[in-house]
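Just so we're aligned, residue 46 is where the sequence shown starts under the numbering used here, counting upward by one.
Quick reminder that beta carbons are idealized off the backbone N, C-alpha and C, glycines included.
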Amino acid sequence: MAKRSWNWQDTLLFCVRTLWVIFNGGSFLVLFSNASTKLLILIWFILLYIVPYLFYRPGYKKLHYYLAAETLLTGGMYLFMMNQFHLPAINGFICFPLITIAYVCQIRPLIWVGPFIAVSIFTMGIISAGKDYSESSLNFILILAVFYGLGFSLGRVTVINNKRHELIESIQEKNATLEQYSKRIEELTIIEERNRVSQNLHDTVGDIFTSMITNLDALPYLLDANKDAEVEKSIKEISALTRKGLNDVRNTIHQLSPNDEVKTLADSFHEIIEEFMNHTDTEVELFIEGNEREVGQRIKLTLIRCLQESLTNAKRHGHASQVRIKIFFNRDYLILHIKDNGIGSSTITPGFGLHTMKDRVAALRGTLKIESNEGKGTQVICTIPLGREEAISI
Numbered sequence: 046m047a048k049r050s051w052n053w054q055d056t057l058l059f060c061v062r063t064l065w066v067i068f069n070g071g072s073f074l075v076l077f078s079n080a081s082t083k084l085l086i087l088i089w090f091i092l093l094y095i096v097p098y099l100f101y102r103p104g105y106k107k108l109h110y111y112l113a114a115e116t117l118l119t120g121g122m123y124l125f126m127m128n129q130f131h132l133p134a135i136n137g138f139i140c141f142p143l144i145t146i147a148y149v150c151q152i153r154p155l156i157w158v159g160p161f162i163a164v165s166i167f168t169m170g171i172i173s174a175g176k177d178y179s180e181s182s183l184n185f186i187l188i189l190a191v192f193y194g195l196g197f198s199l200g201r202v203t204v205i206n207n208k209r210h211e212l213i214e215s216i217q218e219k220n221a222t223l224e225q226y227s228k229r230i231e232e233l234t235i236i237e238e239r240n241r242v243s244q245n246l247h248d249t250v251g252d253i254f255t256s257m258i259t260n261l262d263a264l265p266y267l268l269d270a271n272k273d274a275e276v277e278k279s280i281k282e283i284s285a286l287t288r289k290g291l292n293d294v295r296n297t298i299h300q301l302s303p304n305d306e307v308k309t310l311a312d313s314f315h316e317i318i319e320e321f322m323n324h325t326d327t328e329v330e331l332f333i334e335g336n337e338r339e340v341g342q343r344i345k346l347t348l349i350r351c352l353q354e355s356l357t358n359a360k361r362h363g364h365a366s367q368v369r370i371k372i373f374f375n376r377d378y379l380i381l382h383i384k385d386n387g388i389g390s391s392t393i394t395p396g397f398g399l400h401t402m403k404d405r406v407a408a409l410r411g412t413l414k415i416e417s418n419e420g421k422g423t424q425v426i427c428t429i430p431l432g433r434e435e436a437i438s439i
């Protein structure tokens with residue numbers, strides 16, 4: 046059963062029904078002289094006024110019960126009056142009830158039940174009158190059809206308004222849901238962007254500061270040896286590193302792409318290695334196996350950050366003097382292998398940098414393996430699938 050809410054149309058029909066009951070009840074009572082008959086008519090009108098609306102009221106709609114009560118009480122009163130007075134004018138009594146019947150019969154199968162009830166009541170009324178009303182009956186059929194059509198049209202307007210309100214409420218509810226979803230996406234985006242910025246700052250600034258600290262630690266020895274030329278060179282290198290770090294921070298804040306976005310992976314690695322060797326006095330070798338192929342910006346950036354973090358850790362924590370780097374290209378995978386001759390460690394406690402490396406590699410559905418032993422240095426193996434590059438690169 047379709048849900049129907051109480052509308053202003055229902056209130057209007059209820060008010061008109063009240064006036065209809067008062068008018069017809071008063072008109073019918075004066076036609077009888079017997080007190081018991083008048084009492085019966087009075088009780089009947091009270092029942093046909095109240096009982097149908099017991100099943101059709103605000104918050105409670107039982108259309109089948111309403112139609113049954115309306116048909117039995119109002120239709121019964123119509124048949125009783127036709128049987129008593131045999132007057133065609135009695136047909137006007139059912140005009141308003143036909144409006145209410147048509148008004149509520151807006152859904153299947155009631156949409157077909159309503160006209161059947163109307164025709165049945167009218168036909169039985171003509172039969173109970175026992176006289177030939179052929180000409181007047183035709184006129185009343187047209188009049189009753191107009192009243193039924195009026196009620197049906199009013200009901201359609203109500204149904205359409207209800208559907209429109211339901212649609213508006215549904216749209217508002219969906220908009221509220223979308224707004225909540227949008228806020229959640231915005232929060233997740235902000236968190237992801239904060240992580241990205243913090244990762245980039247760690248990768249770039251950490252590498253720069255490691256080089257600066259190495260140069261600063263060497264200054265006292267150069268001063269003691271009176272190597273003024275080397276001191277001046279070292280100070281210039283520190284200044285250049287500081288400026289580079291400032292530019293990297295600015296690029297990160299403004300979400301600029303790396304300056305090496307048009308360079309190949311090998312060219313980018315050579316540049317980072319050369320700069321690292323110049324500022325840390327560490328020997329670094331790079332080997333490339335297989336045919337180098339173009340990789341997505343996201344994969345390239347991830348490998349660059351892994352290289353920077355590994356070099357920084359090799360110098361800062363492992364005190365390495367040599368680092369060997371190998372890049373293996375094949376059809377399905379790209380493998381980055383970094384090994385140093387540092388002091389190594391039997392236990393590795395992942396810090397922010399290692400967590401960042403793992404997150405970056407995992408986002409590309411790759412693997413990151415770190416092995417270290419005391420006195421044997423540390424090696425980092427980063428494996429990234431290339432078969433899904435197009436799907437995950439940006």
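Hey, how far is the Cα of residue i from the Cα of residue j?
| i | j | result |
| --- | --- | --- |
| Phe161 | Pro133 | 21 angstroms |
| Ile186 | Ile144 | 14 angstroms |
| Gly70 | Val61 | 14 angstroms |
| Leu85 | Leu118 | 13 angstroms |
| Arg102 | Leu58 | 12 angstroms |
| Val96 | Ala163 | 19 angstroms |
| Phe77 | Ile67 | 16 angstroms |
| Val75 | Cys150 | 34 angstroms |
| Asn207 | Trp51 | 10 angstroms |
| Asn79 | Glu214 | 57 angstroms |
| Ser81 | Phe167 | 27 angstroms |
| Cys427 | Ala274 | 41 angstroms |
| Pro395 | Asn240 | 17 angstroms |
| Trp53 | Val202 | 12 angstroms |
| Met127 | Ile156 | 27 angstroms |
| Glu232 | Arg405 | 20 angstroms |
| Pro142 | Glu115 | 8 angstroms |
| Glu218 | Lys107 | 28 angstroms |
| Leu399 | Ala221 | 40 angstroms |
| Thr412 | Leu212 | 50 angstroms |
| Glu277 | Arg376 | 49 angstroms |
| Leu112 | Ile216 | 34 angstroms |
| Gly104 | Asp55 | 12 angstroms |
| Lys421 | Gln342 | 34 angstroms |
| Leu431 | Phe373 | 12 angstroms |
| Val204 | Ser243 | 58 angstroms |
| Leu189 | Leu87 | 25 angstroms |
| Ser302 | Gly290 | Unreliable placement is indicated for Ser302, whose pLDDT of 47 sits below 50; the coordinate value is still reported in the next sentence. The straight-line gap from Cα to Cα measures roughly 15 angstroms. |
| Pro154 | Thr63 | 28 angstroms |
| Ser390 | Gly335 | 32 angstroms |
| Ile91 | Asn184 | 30 angstroms |
| Lys228 | Ile236 | 12 angstroms |
| His131 | Ile146 | 24 angstroms |
| Leu331 | Ser417 | 20 angstroms |
| Lys83 | Gly194 | 34 angstroms |
| Lys272 | Met402 | 40 angstroms |
| Gln129 | Ile152 | 36 angstroms |
Beta carbon of residue i: closer than 7 angstroms to some heavy atom of the ligand ZN?
| i | result |
| --- | --- |
| Thr259 | The ligand ZN is not part of the structure shown, which contains no ligands of any sort. |
Anyone know if the C-beta pair for residue i and residue j falls short of 8 angstroms?
| i | j | result |
| --- | --- | --- |
| Leu456 | Tyr148 | In this structure the chain extends from 46 to 439, so residue 456 is not present and cannot be described. |
| Ile388 | Glu419 | yes |
| Ala311 | Ile344 | no |
| Val425 | Ser355 | yes |
| Ile318 | Ile349 | no |
| Glu337 | Thr357 | no |
| Phe125 | Tyr110 | no |
| Gly170 | Asn136 | yes |
| His324 | Leu379 | no |
| Ile370 | Val329 | yes |
| Thr423 | Ile429 | no |
| Thr347 | Leu409 | yes |
| Cys140 | Phe197 | no |
| Phe314 | Leu352 | yes |
What residues are listed by DSSP as bridge partners for residue i?
| i | result |
| --- | --- |
| Asn418 | Gly422 |
| Cys427 | Leu381, Leu413 |
| Lys371 | Phe332, His382 |
| Lys106 | Tyr101 |
Item checked: Three-pair Cβ contact test at 8 angstroms for the stretch 275 to 283 versus the stretch 370 to 390 -> No contact exists between the stretch 275 to 283 and the stretch 370 to 390.
Checklist line | Stretch-stretch touch, CB-based, cutoff 8 angstroms, three pairs: the stretch 356 to 368 with the stretch 254 to 264 | finding: Verdict: yes, contact present.
Notebook entry, point to check: In chain order, which alpha helix (DSSP H) runs of at least 4 residues are fully inside the stretch 337 to 368?
Noted result: Runs of the alpha helix (DSSP H) inside the stretch 337 to 368: 342 to 361.
Margin query: Ignoring anything shorter than 4 residues, give me the alpha helix (DSSP H) runs that lie fully in the stretch 129 to 168, in order along the chain.
Written below: The stretch 129 to 168 is shown to contain whole alpha helix (DSSP H) runs of 4 or more residues at 140 to 149, in chain order.
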